[in-house]
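This report refers to the structure that appears directly beneath it.
Protein chains: 2
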Amino acid sequence: VHKLPLEYLFNPKSIAIAGVSDDLTKHSPGRSFLESLIDFGYQGKIYPVSPSGSEVMGLTIYPSVQHIPGRVDYVISAIPAPHTPQLVRDCAAKGVKAIQFFTAGFSEIENKAGGKLEAEILSLARENGMRIIGPNCMGIYCPGTGLTFALHVNEQGLPRQSGPLGFFSQSGGNSAYCIKEAAARGVYFSKVISYGNASDLNESDFLEYLTHDPETGIIAAYLEGVKDGPRFRKVLKAAAGQKPVVIYKAGNTESGTRATASHTSAMAGSDRIWEGFLRQAGAIQVYSIEELVDVVLLFSRDVSPKGCNAAVIGMGGGASVQAADDCSKAGLILPSLPSGIRRKLKDITQIEAGAIFSNPIDCWQYEKLPNILKTVAQLDEIDLIIMHMPFDCWPLIDNRIFIESYIDTIIHMKDIIPKPMVVILHSHSSQASIKIAAGVRVKLLEAGFPIFSSFSNAARAIHRMLGRAAV
Amino acid sequence: VHKLPLEYLFNPKSIAIAGVSDDLTKHSPGRSFLESLIDFGYQGKIYPVSPSGSEVMGLTIYPSVQHIPGRVDYVISAIPAPHTPQLVRDCAAKGVKAIQFFTAGFSEIENKAGGKLEAEILSLARENGMRIIGPNCMGIYCPGTGLTFALHVNEQGLPRQSGPLGFFSQSGGNSAYCIKEAAARGVYFSKVISYGNASDLNESDFLEYLTHDPETGIIAAYLEGVKDGPRFRKVLKAAAGQKPVVIYKAGNTESGTRATASHTSAMAGSDRIWEGFLRQAGAIQVYSIEELVDVVLLFSRDVSPKGCNAAVIGMGGGASVQAADDCSKAGLILPSLPSGIRRKLKDITQIEAGAIFSNPIDCWQYEKLPNILKTVAQLDEIDLIIMHMPFDCWPLIDNRIFIESYIDTIIHMKDIIPKPMVVILHSHSSQASIKIAAGVRVKLLEAGFPIFSSFSNAARAIHRMLGRAAV
Numbered sequence: 004v005h006k007l008p009l010e011y012l013f014n015p016k017s018i019a020i021a022g023v024s025d026d027l028t029k030h031s032p033g034r035s036f037l038e039s040l041i042d043f044g045y046q047g048k049i050y051p052v053s054p055s056g057s058e059v060m061g062l063t064i065y066p067s068v069q070h071i072p073g074r075v076d077y078v079i080s081a082i083p084a085p086h087t088p089q090l091v092r093d094c095a096a097k098g099v100k101a102i103q104f105f106t107a108g109f110s111e112i113e114n115k116a117g118g119k120l121e122a123e124i125l126s127l128a129r130e131n132g133m134r135i136i137g138p139n140c141m142g143i144y145c146p147g148t149g150l151t152f153a154l155h156v157n158e159q160g161l162p163r164q165s166g167p168l169g170f171f172s173q174s175g176g177n178s179a180y181c182i183k184e185a186a187a188r189g190v191y192f193s194k195v196i197s198y199g200n201a202s203d204l205n206e207s208d209f210l211e212y213l214t215h216d217p218e219t220g221i222i223a224a225y226l227e228g229v230k231d232g233p234r235f236r237k238v239l240k241a242a243a244g245q246k247p248v249v250i251y252k253a254g255n256t257e258s259g260t261r262a263t264a265s266h267t268s269a270m271a272g273s274d275r276i277w278e279g280f281l282r283q284a285g286a287i288q289v290y291s292i293e294e295l296v297d298v299v300l301l302f303s304r305d306v307s308p309k310g311c312n313a314a315v316i317g318m319g320g321g322a323s324v325q326a327a328d329d330c331s332k333a334g335l336i337l338p339s340l341p342s343g344i345r346r347k348l349k350d351i352t353q354i355e356a357g358a359i360f361s362n363p364i365d366c367w368q369y370e371k372l373p374n375i376l377k378t379v380a381q382l383d384e385i386d387l388i389i390m391h392m393p394f395d396c397w398p399l400i401d402n403r404i405f406i407e408s409y410i411d412t413i414i415h416m417k418d419i420i421p422k423p424m425v426v427i428l429h430s431h432s433s434q435a436s437i438k439i440a441a442g443v444r445v446k447l448l449e450a451g452f453p454i455f456s457s458f459s460n461a462a463r464a465i466h467r468m469l470g471r472a473a474v
Numbered sequence: 004v005h006k007l008p009l010e011y012l013f014n015p016k017s018i019a020i021a022g023v024s025d026d027l028t029k030h031s032p033g034r035s036f037l038e039s040l041i042d043f044g045y046q047g048k049i050y051p052v053s054p055s056g057s058e059v060m061g062l063t064i065y066p067s068v069q070h071i072p073g074r075v076d077y078v079i080s081a082i083p084a085p086h087t088p089q090l091v092r093d094c095a096a097k098g099v100k101a102i103q104f105f106t107a108g109f110s111e112i113e114n115k116a117g118g119k120l121e122a123e124i125l126s127l128a129r130e131n132g133m134r135i136i137g138p139n140c141m142g143i144y145c146p147g148t149g150l151t152f153a154l155h156v157n158e159q160g161l162p163r164q165s166g167p168l169g170f171f172s173q174s175g176g177n178s179a180y181c182i183k184e185a186a187a188r189g190v191y192f193s194k195v196i197s198y199g200n201a202s203d204l205n206e207s208d209f210l211e212y213l214t215h216d217p218e219t220g221i222i223a224a225y226l227e228g229v230k231d232g233p234r235f236r237k238v239l240k241a242a243a244g245q246k247p248v249v250i251y252k253a254g255n256t257e258s259g260t261r262a263t264a265s266h267t268s269a270m271a272g273s274d275r276i277w278e279g280f281l282r283q284a285g286a287i288q289v290y291s292i293e294e295l296v297d298v299v300l301l302f303s304r305d306v307s308p309k310g311c312n313a314a315v316i317g318m319g320g321g322a323s324v325q326a327a328d329d330c331s332k333a334g335l336i337l338p339s340l341p342s343g344i345r346r347k348l349k350d351i352t353q354i355e356a357g358a359i360f361s362n363p364i365d366c367w368q369y370e371k372l373p374n375i376l377k378t379v380a381q382l383d384e385i386d387l388i389i390m391h392m393p394f395d396c397w398p399l400i401d402n403r404i405f406i407e408s409y410i411d412t413i414i415h416m417k418d419i420i421p422k423p424m425v426v427i428l429h430s431h432s433s434q435a436s437i438k439i440a441a442g443v444r445v446k447l448l449e450a451g452f453p454i455f456s457s458f459s460n461a462a463r464a465i466h467r468m469l470g471r472a473a474v
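Each protein sequence line maps, in turn, to chains A and B. Offset between the first sequence (1-based) and the numbering used here: plus 3. Offset between the second sequence (1-based) and the numbering used here: plus 3.
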């Protein structure tokens, strides 16, 4: 079996964590890594390290990496920056393959000493054939092998379920956010790499790995900058030729650029340049983590309409007017239905007053919905169906029995109609509305529906997916 | 005391509802109106009307309006369209002042008979000095006098609390949605008019009324079209000269235009034309109900920054980079802070590694927040402060005690610092995250904060508010 070059990063047999305090009254990121790995079910050996020695959670704390008795594959650094050069020397002596630096305070700070220190640990690592992830990052999340970020003990951990999405990100916060948001919408991950300042291993390395990783079917990334433009272009083009690649490149405005410099020391570059660059490479550009998840969701559910002609079925009125405007603005087309079809739809619903049949199509009788869906889905001019559920916009039918019957009908029809279906489900800001929407969401998620929180989001994601350059 | 021309619409002493079925097994919109008015606490007389006679909820059902013993100020029609001409004749004979037609099936349907019927009831009403609201609408919501829309019995009613916002809307669904969304964000209403096809009383009438209504401090509207352009221009200019006026004009795309025609028979017109029209009149244009509430929220909380220079204080990392990008794209400026101030902020937090101080400013220690806020708020180059609470983006501190202390600190500082403050609070789609955000929301709402669900929304609303043409 051919092994991918960076495979060892995702499957270490033993991990040392430098900077694990045994003082339980003190906040210790190193101990958070330890607790998180144990809680997440990591099956390899874990070695806490701290000059103080002692014990924590029944494990011996070793005074240095060199004192650890067994082999050490991977080291997580959660010690103060000034002590990192010594840690790298200790790791070199121990034969460690890779170090992830949660430790921050390097090139991202406004002080030349930070950049110098980063150069020093990099050169020490290179001299000794070790790879660095970071510094200033959360490292690796890989549910298949039990690797996870450090999370606060009180917090719900990251999902244990694996899935097709490979994600690499310069931001640890955005990594955690993306994982949680995607999971809540039914999308899970093969591997996630939070790699911060990218001093050694960078975006091109991770992208290349995920391109060849058989567990990864869709690739996404949060970038603040790129270390080696020409290499990234080449790697990106190769990746996009094999798998969908969705990129959120942040820091493209003046304020954003300034923020990236202080965050990961990245040189950001302008929006215009990035747009051309990503389009030419065949990648899909998005502008937020939410948008990234929106697009990935379509790929993960195999929603692949032939074109951007949609039929919108909803509950009518102003909500349908706004739906039509939002779809059009985001680049979808709602073809006007032929008068014969409009007549048929009216015959099915037996309603004409106050209802729209020209697309959007109003249908607030769930018992009529199957016929409406079949009639619309068979039309050649329709590529996909968007179900609109503005339960809180419609004052007369906002009740539990109606909503449940409506949802059951849609779920029943999902595998019957021959066109892809997506669902728009939103709530207003009241607790009651949020609760209703949450219940509906659970049922639709279980049935495998791609759910979007607004027409704008869904339409934009579909348009982005369809606009992917042929490669 | 000078009485406003349409004042009687909002303070009827008696209401007849035509189309109230006594058959409780059948859906009856007329009965929903009846139940909703009683439940909402309307104190005047209510007379159910139906040819069947009988009783409902302890009230006599009269076979026609003419059979009602007392005076009838206002009539709600929930009968089928073909019977409405006779209802109008009965109302004329009874001396009724105004009829609201919930009844649909008039000019909005694809059938010339609908338009003819609408013309007939309008001409009957005019001959007899009566005014019409609608047809095809929900009518009036006025918590001060106990008027409300028909809502399904199982549903939570609309808020009983009054407030400064006057709203008129061609869509009943969007009216209910706007009321609920605004209330959930702490904004309440003086009067809401859902007026559907606008056959008689139209947008200009309601706008004129709200301009002079002392209970209305802010005016907002959902429009699909305008009946009399020149009059509306004049009325709008006069309104915007006295109060903030926020307009969501829908149906500006081709699909949207088609939808408005089937919804309220409105002639929609293009986006470009409406933009110029509204700007010249001094109104603020928005593109969704959510956006409308965003802008109104700023006015209702007296958030009136001198300019669009904002300081963003958040929890850092990728979330701050995205915040900077989003603010810039929506037209806000995040001025770079002078190096002396950056130094001061670093001294306060005693943190430099991995943190941003160039604006956005990272501060995840709530005990340092008061000093940070004071330092930033005193700067001349800062017009307002945006607090970012991406609690679910930040893996290490996503815990209850931290969040509560952070919120308490912000609430404490609200009246101390001399610049307006808005809050960005969002959750990802998981139930756990939604629950945390909901708890935070309640506390911040009670403290009077304007809360936005994203930087884009907040920045756009602020930019729109500031861009209001001088009048």
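Built from N, CA and C at the ideal position, the CB exists for glycine as well. In this text the structure is predicted, and so the values were computed from the model without any measurement.
Checking 8 Å against the spacing of the C-beta atoms, do residue i and residue j come in under that value?
i	j	result
Lys183 of chain B	Ser323 of chain A	no
Asp203 of chain A	Ala128 of chain A	yes
Leu150 of chain A	Phe13 of chain A	yes
Cys140 of chain A	Phe104 of chain A	yes
Arg251 of chain A	Ser197 of chain A	Position check: residue 251 of chain A holds Tyr in this sequence, whereas Arg was assumed. For Tyr251 of chain A and Ser197 of chain A, no; Cβs fall outside 8 Å.
Lys97 of chain B	Asp76 of chain B	no
Gly317 of chain B	Gly176 of chain A	no
Ala314 of chain A	Ile385 of chain A	yes
Name the chain A residues that come within less than 7 Å of residue i, Cβ to Cβ?
i	result
Asn255 of chain B	Asp328
Residue i: buried (16+ other C-beta within 10 angstroms of its C-beta) or exposed?
i	result
Asp383 of chain B	exposed
Ile102 of chain A	buried
Gln245 of chain B	exposed
Thr28 of chain B	exposed
Gly254 of chain A	buried
Ala122 of chain B	exposed
Asp418 of chain A	exposed
Pro398 of chain A	Bear in mind that a pLDDT of 49 at Pro398 of chain A, under 50, signals an unreliable position, so the number given afterwards is only what the model happens to contain. Pro398 of chain A should be labelled buried.
Please compile the residues from chain B whose C-beta is within a distance smaller than 8 Å of the C-beta of residue i.
i	result
Glu294 of chain A	The premise fails here: Glu294 of chain A is roughly 11 Å from chain B at the closest Cβ pair, so nothing lies under 8 Å.
Val299 of chain A	Under the 8 Å cutoff, chain B gives no residues; its nearest Cβ is about 13 Å from Val299 of chain A.
Run through chain B and tell me which residues come within less than 7 Å of residue i, C-beta to C-beta.
i	result
Lys183 of chain A	Asp395, His431, Ser433 and Ser436
Arg188 of chain A	Ser432
Ala441 of chain A	Gln434 and Ile437
Cβ closer than 9 Å: which chain B residues qualify as neighbours of residue i?
i	result
Phe360 of chain A	Glu113 and Ser265
Return the first residue and the last residue of the beta strand (DSSP E) that residue i is part of.
i	result
Gly232 of chain A	No beta strand (DSSP E) contains Gly232 of chain A, which is instead part of the alpha helix (DSSP H) from Gly232 to Gln245.
Pro167 of chain B	Ser165 to Ser172
Tyr50 of chain A	Lys48 to Val52
Gln103 of chain A	Ala101 to Phe104
Phe192 of chain B	Phe192 to Ser197
Could you spell out where the alpha helix (DSSP H) holding residue i opens and where it closes?
i	result
Met468 of chain A	Phe458 to Leu469
Leu428 of chain A	First-last for Leu428 of chain A: Met424 to Leu428, but that is the beta strand (DSSP E), not the alpha helix (DSSP H).
His70 of chain A	It is not in any alpha helix (DSSP H) - His70 of chain A carries neither H nor E in the DSSP assignment.
Ile1 of chain B	Limits of chain B in this structure are 4 at one end and 474 at the other, which puts residue 1 of chain B out of reach.
Tyr180 of chain B	Gly175 to Ala187
Lys446 of chain B	Gln434 to Glu449
Val324 of chain A	Gly321 to Lys332
Find the residues of chain A that neighbour residue i, judging by a C-beta separation of less than 8 Å, and give them in chain order.
i	result
Val324 of chain B	Ser174, Glu227, Ala253, Gly254, Gly259, Ala262, Thr263 and His266
Under 9 Å between beta-carbons, which chain A residues line up against residue i? List them in chain order, please.
i	result
Asn177 of chain B	Gly320, Gly321, Ala322, Val324, Gln325 and Cys396
Those runs of the beta strand (DSSP E) which lie wholly inside the region 121–160 of chain A and span at least 3 residues: 134–136 and 142–144
Entirely enclosed beta strand (DSSP E) segments - the region 202–236 of chain B, minimum 3 residues: 221–226
Quick one: which unbroken beta strand (DSSP E) runs of 3-plus residues sit fully inside the region 251–298 of chain B? Chain order, please. 287–289
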